[in-house]
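Asker:
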Amino acid sequence: MSERFTGSFTQQEPIPEEGIAAALEVLRHGRLHRYNVAEGELSQTALLEQEFAAMTGARYALAVASGGYALGCALRAVGVGPGDRVLTNAFTLAPVPGAIAALGAVPVFVGVTEDLVIDLDDLAARIGEARVLLLSHMRGHICDMDRLMALCSEAGVTVIEDCAHTMGAAWNGVPSGRHGAVGCYSTQTYKHMNSGEGGLLITDDADIAARAVLLSGSYMLYERHLAAPGPEVFERVKYQTPNVSGRMDNLRAAILRPQLQALPQQVARWNDRYRIVEEGLRDTPGLRLIDRDPREAYAGSSFQFLLLDWAPEAVQEVLARCAARGVELKWFGGAEPVAFTSRYDSWRYAPSAPMPASDRVLAGIVDMRLPLTFSLEDCAQIARILRAEVSAVFQQG
Ligand SMILES: *Cc1c(COP(=O)(O)O)cnc(C)c1O
71 MSERFTGSFT QQEPIPEEGI AAALEVLRHG RLHRYNVAEG ELSQTALLEQ EFAAMTGARY
131 ALAVASGGYA LGCALRAVGV GPGDRVLTNA FTLAPVPGAI AALGAVPVFV GVTEDLVIDL
191 DDLAARIGEA RVLLLSHMRG HICDMDRLMA LCSEAGVTVI EDCAHTMGAA WNGVPSGRHG
251 AVGCYSTQTY KHMNSGEGGL LITDDADIAA RAVLLSGSYM LYERHLAAPG PEVFERVKYQ
311 TPNVSGRMDN LRAAILRPQL QALPQQVARW NDRYRIVEEG LRDTPGLRLI DRDPREAYAG
371 SSFQFLLLDW APEAVQEVLA RCAARGVELK WFGGAEPVAF TSRYDSWRYA PSAPMPASDR
431 VLAGIVDMRL PLTFSLEDCA QIARILRAEV SAVFQQG
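Numbered according to this note's numbering, the sequence shown spans residues 71 to 467.
1) In terms of residue numbering, what span does the beta strand (DSSP E) encompassing D232 cover?
2) With distance defined between alpha-carbon atoms, name the residue in V229, L186, V227 nearest to I498.
3) Given that a residue counts as buried once 16 or more other Cβ atoms are within 10 Å of its Cβ, and exposed if not, what is E366?
4) What is the DSSP secondary structure of S371, reduced to helix, strand or coil?
5) From the DSSP output, in three-state form, read off C254 for me.
6) What separation, rounded to the nearest whole angstrom, lies between the Cα atoms of A384 and W401?
7) Please confirm whether any heavy atom of ligand 1 lies closer than 7 Å to the CB of S206.
8) Among residues of its own chain, excluding the 5 on either side of F122, which ones have a beta-carbon nearer than 6 Å to its beta-carbon?
9) Just to confirm the assignment, what range does the alpha helix (DSSP H) spanning Y260 have?
10) When the Cα of Q386 is compared with those of G100, G110, R352, G404, which residue comes out closest?
11) Could you name each continuous alpha helix (DSSP H) segment of 4 residues or more that falls completely within the region 160-236, going from the start of the chain to the end?
12) Which word fits Q81, buried or exposed, when buried means at least 16 other C-beta atoms lie within 10 angstroms of its C-beta?
13) Expressed to the nearest angstrom, what Euclidean distance is found between the alpha-carbon atoms of G250 and G467?
14) Between which residues of its own chain and A458 is the CB-CB distance below 8 Å, once the five residues before and five after are set aside?
15) Buried or exposed for V148, please, with buried defined as at least 16 other CB atoms from any protein chain shown within 10 angstroms of its CB.
16) Mapping DSSP to helix, strand and coil, what is P441?
17) I'd like to check one pair, V202 with T228: are the Cβ atoms closer than 8 Å?
18) For F304, which residues in the same chain have their Cβ closer than 6 Å to its Cβ, ignoring the five residues on either side in sequence?
19) Tell me the DSSP secondary structure of I278 in three-state form.
20) For Y105, is the classification buried or exposed, using 16 other Cβ atoms within 10 angstroms of its Cβ as the cut-off for buried?
21) How would you label G370, buried or exposed, when you count the other beta carbons within 10 angstroms and need 16 or more for buried?
22) Between which two residues does the alpha helix (DSSP H) carrying V307 extend?
23) Can you give me the C-alpha to C-alpha distance between A116 and A234, rounded to a whole angstrom?
24) Output the distance between the C-alpha atoms of S521 and K261, rounded to the nearest integer angstrom.
25) Drop a sphere of 10 angstroms on the beta-carbon of Y419, count the other beta-carbons inside from all chains shown, and report buried for 16 or more, exposed for fewer.
26) Specify, as a first and last residue, the run of the beta strand (DSSP E) that A131 falls within.
27) Any heavy atom of ligand 1 within a distance shorter than 7 Å of the CB on T80?
28) Beta-carbon within less than 6 Å of V337's beta-carbon, same chain only, minus the 5 sequence neighbours each way: which residues are those?
29) Classify T126 as buried or exposed, calling it buried when 16 or more other Cβ atoms lie within 10 Å of its own Cβ.
30) For a quick check, are the C-beta atoms of R345 and G268 less than 8 Å apart?
31) Out of G100, A124, M438, point me to the one whose CA is closest to A298's CA.
32) Can you check whether the CB of L284 is closer than 8 Å to the CB of T257?
33) Within 8 Å, do at least three Cβ pairs link the region 449-464 to the region 215-225?
34) What do you get for D361, buried or exposed, if any count of 16 or more other CB atoms within 10 angstroms of its CB means buried?
35) Taking DSSP as the reference, what is the three-state secondary structure of T126?
36) At a cut-off of 7 Å, would you count D437 as near ligand 1, judging by its Cβ distance to the nearest heavy atom?
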């Protein structure tokens, strides 16, 4: 009898008791709206922003309704408008090109390498095509940020970082989200902190921060923020900035604050799991692990490997055999996007030329989540199952 995994790839941990208690307090007093505060009270949302700015080392932070909202807000705040071209990753999640398209702007896709990061040679070739790069650290893989920032600074390109999968990660000692002009994060259930829906945005630029606060829907109550610039900055931009409501509320912020304090320990726990899967798969015939640069301090909340140059039917057979043994894999090479596995050529509202080198990589990407509800033994078992099934199909082929 071969072993079968019985855990759930989509089950997150419960909200910490401290967060539940704080949420109940908000429910009991009823002041859920972030600007609805009693005399002398600091709102949960304003405190979360202050704590997130402190943790990342940013001057300013803003909490918003979703990660996708943070991206759109950042693009608007740096001045992207209809018809503008915005460089972004060919390998990312749908809300990234979606945020660009929602502004009437045009995504320009940059390729992906076998290390699953943005192709910096392709970026260098296209850098003259846009003034802004919306860089997605897709699945937590961080490219050589020193080289990327040098390239972009030289070309005068503003960088916005999509850190949906790199909250708590770093490159060369600098927290992810602190290289570009703006860093954007998601606190949706499947990310590194869970408030159901939610997002955060950080920047050191006072004008960008003020515009983002106004955009998010501050109704001129921006003085109730604890991680925003002074009123003189708002005076400069307040009549020019539309309200595009997308605030966070105090209930979500209350749930998130204890999770933020626990983030470094959670990242360590993810990485313990990641490394067990990685070791368990090392030297599996036909399977290519993703190299991680020693300068990258990642948060291994999901795991990817490549079945590079495999026939699609063989990949599908691996998926089916693993599914039969309880291991749920997602594949970015399928003809049709399933769940979150869309790619640049799925986003037909944003026309693109074929990218053969990226297509080859995308066709081989296999992806799975590693929720913290998995024990270390669960991870070892998943690796054994993957290893056995990939080897079996590879040997047939
Ligand atoms: C989840 C995600 C987002 C957006 O987050 P939402 O909160 O779902 O809007 C952006 N980029 C990537 C890569 C994501 O995975």
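Note that beta-carbon positions come from the ideal geometry of N, C-alpha and C, so glycine has one too. Only a predicted model underlies this, so the values are computations on that prediction, with no experimental measurement involved.
Answerer: A quick look at the data gives this:
1) Note, D232: beta strand (DSSP E), 228-232.
2) Outside the shown range of the chain, which is 71 to 467, sits residue 498, and nothing can be said about it.
3) When all chains shown are included, E366 counts as buried.
4) DSSP places S371 in coil when its eight states are reduced to three.
5) In the three-state reduction of the DSSP assignment, C254 falls in the strand class, which pools E and B.
6) The straight-line gap from Cα to Cα measures roughly 12 Å.
7) Checking the Cβ of S206 against ligand 1 gives yes.
8) Answer for F122: A131, L270, listed in chain order.
9) Per DSSP, Y260 belongs to no alpha helix (DSSP H) and is neither H nor E.
10) Measuring from the Cα of Q386, the nearest candidate turns out to be G404.
11) The region 160-236 contains these whole alpha helix (DSSP H) runs: 165-172, 190-196, 215-225.
12) The residue is exposed, with fewer than 16 neighbouring Cβ atoms inside 10 Å.
13) Roughly 45 Å between the two C-alpha positions.
14) Hits under 8 Å: S72.
15) By the 10 Å Cβ count, V148 comes out buried.
16) Coil at P441, not helix or strand.
17) Taking C-beta atoms as the reference points, T228 and V202 count as a pair closer than 8 Å.
18) Cβ neighbours of F304 beyond the five flanking positions: A280, Y292.
19) Helix at I278.
20) Per the 10 Å Cβ criterion, buried.
21) Around the beta carbon of G370, a 10 Å sphere encloses 16 or more other beta carbons of the protein chains shown; the residue is thus reported as buried.
22) 301-307 is the span of the alpha helix (DSSP H), which, as asked, contains V307.
23) A straight-line Cα-Cα distance of about 21 Å links A116 and A234.
24) Because the chain in this structure spans residues 71 to 467, residue 521 falls outside the shown range and cannot be described.
25) Under this definition Y419 is an exposed residue.
26) Per DSSP, A131 belongs to the beta strand (DSSP E) from 130-134.
27) Not so, every heavy atom of ligand 1 lies at least 7 Å from the Cβ.
28) The answer, listed in chain order, is G238, A369.
29) With a 10 Å radius around the Cβ and a threshold of 16 neighbouring Cβ atoms, T126 comes out buried.
30) Cβ atoms of R345 and G268: not closer than 8 Å.
31) Nearest option by C-alpha distance: A124.
32) No; because the gap between Cβ atoms is not below 8 Å, this pair is not in contact.
33) No, because fewer than three Cβ pairs between the region 215-225 and the region 449-464 fall closer than 8 Å, the two stretches do not touch.
34) With fewer than 16 other Cβ atoms inside 10 Å of its own Cβ, D361 counts as exposed.
35) Per DSSP, reduced to three states, the secondary structure at T126 is helical.
36) No, the Cβ of D437 stays beyond 7 Å of every heavy atom of ligand 1.
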